[in-house]
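Here's the structure we're looking at; comments come further down.
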Amino acid sequence: MSAQCENLPPQVVMRLAKEVRKLATEPPEGIKFLASEEENLGEVHAEIEGPVGTPYEGYFFELKLVLSGDFPNSPPRGFFLSKIYHPNVNDTSGDICVNTLKKDWTSTTTISHVLSVIRCLLIVPFPESSLNDEAGKLFMDSYEEYARRAKLMASVHARQSSSVTNPTSGDGKGDAASSKSETATSNASSSSSTTTTSTTTTTTTTASKKKKAGGDDKKKAKKKNLNRL
Numbered sequence: 001m002s003a004q005c006e007n008l009p010p011q012v013v014m015r016l017a018k019e020v021r022k023l024a025t026e027p028p029e030g031i032k033f034l035a036s037e038e039e040n041l042g043e044v045h046a047e048i049e050g051p052v053g054t055p056y057e058g059y060f061f062e063l064k065l066v067l068s069g070d071f072p073n074s075p076p077r078g079f080f081l082s083k084i085y086h087p088n089v090n091d092t093s094g095d096i097c098v099n100t101l102k103k104d105w106t107s108t109t110t111i112s113h114v115l116s117v118i119r120c121l122l123i124v125p126f127p128e129s130s131l132n133d134e135a136g137k138l139f140m141d142s143y144e145e146y147a148r149r150a151k152l153m154a155s156v157h158a159r160q161s162s163s164v165t166n167p168t169s170g171d172g173k174g175d176a177a178s179s180k181s182e183t184a185t186s187n188a189s190s191s192s193s194t195t196t197t198s199t200t201t202t203t204t205t206t207a208s209k210k211k212k213a214g215g216d217d218k219k220k221a222k223k224k225n226l227n228r229l
């Protein structure tokens, strides 16, 4: 356990342990608790899933919350460990700027709530209080370029979801072509079968007619011979 946690009152340590257990078993949407090899309640590691409809969609970003010795009277500090292009994240240190970890902090604020707020920050950045001025300016002036850079950096530094890494059949044309090919083959087979059946029926009918005609001729010849007698 870290020196910071050793200085915490027993009731605070118990609260932290309870919060961490709940975070591991009942995490907020888009949040995954990452267990540490060492028992260290002074740092909480988690992974945030990029929200749908943002440049971060399809990627997972690791971060940590570092608790001070005065917790919960003082807020923890948040750091992205995965490099991310965002107005409110320092592009060098990964330091996170969000009001919940500053003026809006209260001693009753939970770790789960902090992580949820940080995830919401990926949906709605606050460029007016940016730690990355370039990203903040670009977000305001040209969102398309901002989104392009954010997605590019995510593809390099963040963990990608299976929907991004596993190639599919492109735009689905391959599957459509395969389906059409199978349908065409089936239709051709059906057409061939119909043609064969039709030919067989025609041949049988013709043979039957010839056989009947031959029988009639024999009857006529036999009748003629009887008349001669």
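full-length UniProt numbering puts the first residue of the sequence shown at 1, with every later residue one more than the last. Where a beta carbon is used, it is the ideal one built from N, C-alpha and C, also for glycine. Every value quoted in this text rests on a predicted model; they were computed, and no experiment measured them.
Check, Outcome
"Could you check what DSSP says for His86 in three-state terms: helix, strand or coil?", "coil"
"Determine the contact status of Asn88 and Pro28, defining contact as a CB-CB distance below 7 Å.", "no"
"Using CA coordinates, which residue listed in Pro55, Gly69 and Ala35 is at the minimum distance from Pro9?", "Gly69"
"DSSP three-state label for Lys102, please.", "coil"
"In the DSSP output, which residue or residues are listed as bridge partners for Leu63?", "Ala46 and Phe80"
"With a threshold of 6 Å (Cβ to nearest heavy atom), would Val20 be considered close to the ligand MG?", "Judged by which ligands are present, the structure shown has none, so any question about the ligand MG falls away."
"List the DSSP bridge partners of Lys32.", "Glu47"
"Helix or strand or just coil, what does DSSP make of Asp141?", "helix"
"Touching or not, the region 122-141 and the region 91-105, by the rule of three or more beta carbon pairs under 8 Å?", "yes"
"Around the C-beta of Lys151, are 16 or more other C-beta atoms found within 10 angstroms, so that it is buried, or is it exposed?", "buried"
"Considering only the alpha carbon of each residue, which of Gln11, Glu37, Gly50 and Gly42 lies closest to Arg159?", "Gly50"
"Taking DSSP as the reference, what is the three-state secondary structure of Asp91?", "coil"
"What does a CB cutoff of less than 7 Å around Ser74 pick up in its chain, not counting 5 residues either side in sequence?", "Ser68"
"So, is His86 buried or exposed, given that buried needs 16 or more other C-beta atoms within 10 angstroms?", "buried"
"Counting beta carbon pairs with one atom in the region 107-118 and one in the region 136-152, are three or more of them shorter than 8 Å?", "no"
"So, using beta-carbon positions, are Gly94 and Phe80 closer together than 7 Å?", "yes"
"By the 10 Å Cβ neighbour count, where 16 or more other Cβ atoms means buried, how is Gly53 classified, buried or exposed?", "exposed"
"Going along the chain, which residues of its own chain have a beta-carbon closer than 8 Å to the beta-carbon of Leu34, five neighbours each way excluded?", "His45, Ala46, Glu47 and Glu62"
"How many angstroms separate the CA atom of Glu43 from the CA atom of Glu37?", "12 Å"
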